[in-house]
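What follows is a single structure, written as C-alpha cells, with notes after it.
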Amino acid sequence: METTIGQFELAVLSLEEVRVVVRGSSTAKVKGYDYERSAAGNTSITSWIATRIKPLIGDFEVVVIDGSGVVPHGRTKLSNLRDSYVSESA
Numbered sequence: 392m393e394t395t396i397g398q399f400e401l402a403v404l405s406l407e408e409v410r411v412v413v414r415g416s417s418t419a420k421v422k423g424y425d426y427e428r429s430a431a432g433n434t435s436i437t438s439w440i441a442t443r444i445k446p447l448i449g450d451f452e453v454v455v456i457d458g459s460g461v462v463p464h465g466r467t468k469l470s471n472l473r474d475s476y477v478s479e480s481a
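Read left to right, the sequence shown gives residues 392 to 481 (this note's numbering).
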C-alpha cells in the first residue's frame, strides 16, 4: 500500500516513537509503514534505517531526529533514542 511521506512519518512516529524526516514533498508517495511491532531497542539507527525505512522510501533521503532536535550518531540504539524524547520533555 502506498502512502504520502507525511503519513509515513506519522506512522513511524506512532509505532516506533521515533521522529523521522523524509526529504521530499510531503505529498510524494512511498510504501506504507505497515509493521505491527516496533523494532527492538538494541537495534542501531543505521541498521533500522537500512532494514525498515530505506526499502519503503526508495531514493528519498531520511534523517532521524532525537528528543533535543539533533541528528544522533548511527550507532545509537533505538532504546536510547526513544528515551531521549522522554527525558527532553520531562
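Cβ atoms here follow ideal geometry from the backbone N, Cα and C, with glycine treated the same way.
Quantities reported herein were computed from a predicted structural model and do not represent experimental measurements.
Own chain, CB closer than 6 Å to residue i, minus 5 neighbours either side, in chain order
| i | result |
| --- | --- |
| residue 444 | 453 |
Proximity winner among the options, relative to residue i (alpha-carbon distances)
| i | options | result |
| --- | --- | --- |
| residue 476 | 402, 409, 392 and 400 | 409 |
| residue 419 | 474, 448 and 472 | 448 |
| residue 459 | 466, 473 and 424 | 473 |
| residue 403 | 438, 455, 466 and 464 | 455 |
The alpha helix (DSSP H) enclosing residue i, as first and last residue numbers
| i | result |
| --- | --- |
| residue 396 | 396-407 |
Residues of its chain near residue i, where Cβ-Cβ distance is below 7 Å and the 5 sequence neighbours each way are ignored
| i | result |
| --- | --- |
| residue 450 | none |
Assumed close pair residue i, residue j - CB separation to whole angstroms, cut-off 8 Å
| i | j | result |
| --- | --- | --- |
| residue 394 | residue 421 | 6 Å |
Residue span of the beta strand (DSSP E) that contains residue i, given as start and end
| i | result |
| --- | --- |
| residue 454 | 452-456 |
Cutoff 8 Å; reference residue i; Cβ partners in own chain excluding five residues on either side
| i | result |
| --- | --- |
| residue 433 | 468, 469 and 470 |
| residue 392 | 422, 423 and 425 |
query = Unbroken beta strand (DSSP E) runs of length 3 or more, entirely within the segment 402-445: which are they?
reply = 410-414 and 420-422
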